[in-house]
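Taking it in order: structure first as structure tokens, then the write-up.
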Amino acid sequence: MRKIIKLAAPPRGFFDSKRTRLYCRPIDLIYNTKDDQYNLDCFNQSLVGGNMSFKDIEIILRDESNIYAFRTSIETAREWGLAEGCSETIDKLMLNIAGRRAGILSLRNDNTPLLMGVVNASPDSFYDGDASLGGQSVIARAHSLIEEGADIIDIGGESTRPGSKPISVSEEIDRVMSVIENVRGFGVPISIDTSKSSVMQAALAAGASIINDISALTGDPKSLNIAVKFRVPVILMHMRGTPLTMQKNPKYDNPLLDVYDYLQWRISLCTKAGILPENLIVDPGIGFGKNDEQNLSILRRVSLFHSLGLPVMLGVSRKSMIGNLSGGEPADKRLPGSLATALFAAAEGIQFLRVHDVSETKQALRIKQVLTDTF
């Protein structure tokens, strides 16, 4: 795995459009005051058109030999880009970072994370395997998350924990349909967590309105057509391998940039197939085909994904990484670490958080907002 080499100043004569990839990441994000809202300019940019802004960026350069990164002001970056012949690339990425995101299903889409509540209709999920207690327990779980203030309810019938094996289409449909039917009338959007086109179609016909696919519409050759046909929002997640194989020694040239490039490729293919850009959300897939070191390399620079020009989702809730980085706690003891990652993600401008603990996360985010509110 190649690591990023930090430079103290912008390099001269390094960029070559034929052999160098350029990436741009907003850094040192701040919450705006009322005066700031009216004083944003080309050297002090708004993040996704919301209430956060930045004036410095990190530019990352990758070629076959090295990966370099340097931090600089927006103004200096543009001057450097003109001198190096990459100003158009920088300007395009800056537009992606600053541009207001389209609202998903009329939900707000700014710098206050929306919460996707997790409902596992499978008995073998790594946490909250609700189906082990029967179908009514799963439905009660969904209703509880709605009462707690979930913005979206994510229903999945197949466990995607590391090492899990796939189940049949019919079994997966059986697990999720009754939950969807008992949740669809509560005014909260439902996402179907699946990589199978038949499950997508059945769930969307029953009342789901978002596709959440861990394979970014690659797990089933018919999935892309279903997404185009129903014209619903789609969450494109990165995963290396399958749940059964993904944690068997995953390797990357650089996890952050490899995941970014993959999602950029999937965005391009999906939009060419007919999915509207405003219907796409990206998720770097923490814990899916990534070890702890690889997960951290992505999280520490997660604001890079804003330059894809789409809303970003993050799912770290209760995952093994939290226990591994702390004291080895099991999933049911990882709430504090989950809240810490949620607050970190909010500070990085992430728009969607997939969580198991809606009320606790909502409270933590609310207090953070109050403490940082300078209006």
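In terms of the working numbering, the sequence shown opens at residue 5 and continues consecutively.
For each residue, glycine too, the CB sits at the ideal point set by N, CA and C.
Computed from a prediction, not measured in an experiment: that's the story for all the values here.
Under the three-state reduction of DSSP, which class applies to residue i: helix, strand or coil?
| i | result |
| --- | --- |
| isoleucine 171 | coil |
| phenylalanine 47 | coil |
| valine 123 | strand |
| aspartate 377 | coil |
| isoleucine 177 | helix |
| isoleucine 143 | helix |
| asparagine 216 | strand |
| glycine 160 | strand |
| aspartate 182 | Note that residue 182 corresponds to serine in the displayed sequence, not to aspartate. Three-state DSSP puts serine 182 in a helix. |
| isoleucine 279 | coil |
| aspartate 257 | coil |
| leucine 221 | coil |
| glycine 189 | helix |
| arginine 444 | This structure leaves residue 444 out entirely; the chain is present only between 5 and 379. |
| arginine 165 | coil |
Could you name the residues of the same chain whose beta carbon sits closer than 6 Å to that of residue i, not counting the 5 residues immediately before and after it, in chain order?
| i | result |
| --- | --- |
| glutamate 333 | Gly327 |
| glutamine 251 | Pro166 |
| proline 237 | Ile108, Ile214 and Asn283 |
| isoleucine 101 | Pro30, His310 and Ser311 |
| alanine 306 | Looking at the sequence itself, residue 306 is valine, so the reference to alanine does not match. For valine 306, where only same-chain residues beyond five positions count, the Cβ hits under 6 Å are Glu352. |
| lysine 10 | Ala73 |
| serine 69 | none |
| leucine 228 | Leu221 and Ala277 |
So, using beta-carbon positions, are residue i and residue j closer together than 7 Å?
| i | j | result |
| --- | --- | --- |
| tyrosine 256 | methionine 5 | yes |
| proline 247 | threonine 164 | yes |
| isoleucine 187 | isoleucine 196 | The sequence given here has valine at residue 187, not isoleucine. Cβ distance not < 7 Å, so valine 187 and isoleucine 196 don't count as in contact. |
| arginine 244 | proline 254 | yes |
| glutamate 88 | arginine 75 | no |
| isoleucine 150 | valine 192 | yes |
| proline 386 | arginine 105 | As shown, the chain starts at 5 and ends at 379. That puts residue 386 outside it, with no answer to give. |
| leucine 99 | glycine 353 | no |
| valine 183 | isoleucine 143 | yes |
| proline 127 | tryptophan 84 | no |
| valine 232 | isoleucine 285 | no |
| arginine 66 | arginine 23 | no |
| proline 170 | leucine 357 | no |
| cysteine 90 | phenylalanine 18 | no |
| serine 57 | asparagine 36 | yes |
| leucine 347 | lysine 372 | yes |
| valine 362 | glycine 121 | yes |
| alanine 146 | isoleucine 157 | yes |
From the DSSP output, which residues share a beta bridge with residue i?
| i | result |
| --- | --- |
| valine 286 | Leu240 and Val316 |
| serine 199 | In DSSP, serine 199 forms no bridge with anything. |
| serine 77 | Asp60 |
| proline 194 | One point to set straight first is that residue 194 is isoleucine, not proline, in the sequence displayed. The partner list for isoleucine 194 (beta bridge, DSSP) reads Ile157. |
Cutting at 8 Å between CB atoms, please list the residues of its own chain near residue i, excluding the five before and the five after it.
| i | result |
| --- | --- |
| isoleucine 290 | Asn299, Ile302, Leu303, Leu318, Gly319, Val320, Lys323 and Met325 |
| isoleucine 230 | Ser201, Met204, Gln205, Leu208 and Ile215 |
| lysine 366 | Leu119, Glu152 and Gly153 |
| glutamate 176 | Gly161, Glu162, Thr198, Lys200 and Val203 |
| lysine 337 | Gly327 |
Taking 7 Å as the limit between beta carbons, can you name the residues of its chain near residue i, skipping five residues before and five after?
| i | result |
| --- | --- |
| leucine 97 | Cys28 and Ser311 |
| alanine 81 | Ile61, Ile63 and Ile94 |
| serine 174 | none |
| serine 219 | Ser199 and Met243 |
| arginine 16 | none |
| glycine 313 | Asn100 and Gly103 |
| lysine 226 | Ser201 |
| aspartate 296 | Met325, Asn328 and Leu329 |
| phenylalanine 234 | Leu208 |
- Message: Which runs of the alpha helix (DSSP H) at least 4 residues long sit entirely within the region 224–251? Give them in chain order.
- Response: 227–234
- Message: Threshold first: 3 residues or longer. Then list the beta strand (DSSP E) segments lying entirely within the region 79–125, N to C.
- Response: 118–124
- Item | Contiguous beta strand (DSSP E) assignments of at least 3 residues, all confined to the region 6–75 | 9–11, 25–31, 56–58 and 60–66
- Can you check the region 287–362 for any beta strand (DSSP E) of at least 3 residues that lies completely inside it and give the ranges in chain order? As far as the region 287–362 is concerned, its whole beta strand (DSSP E) runs of at least 3 residues are 356–359.
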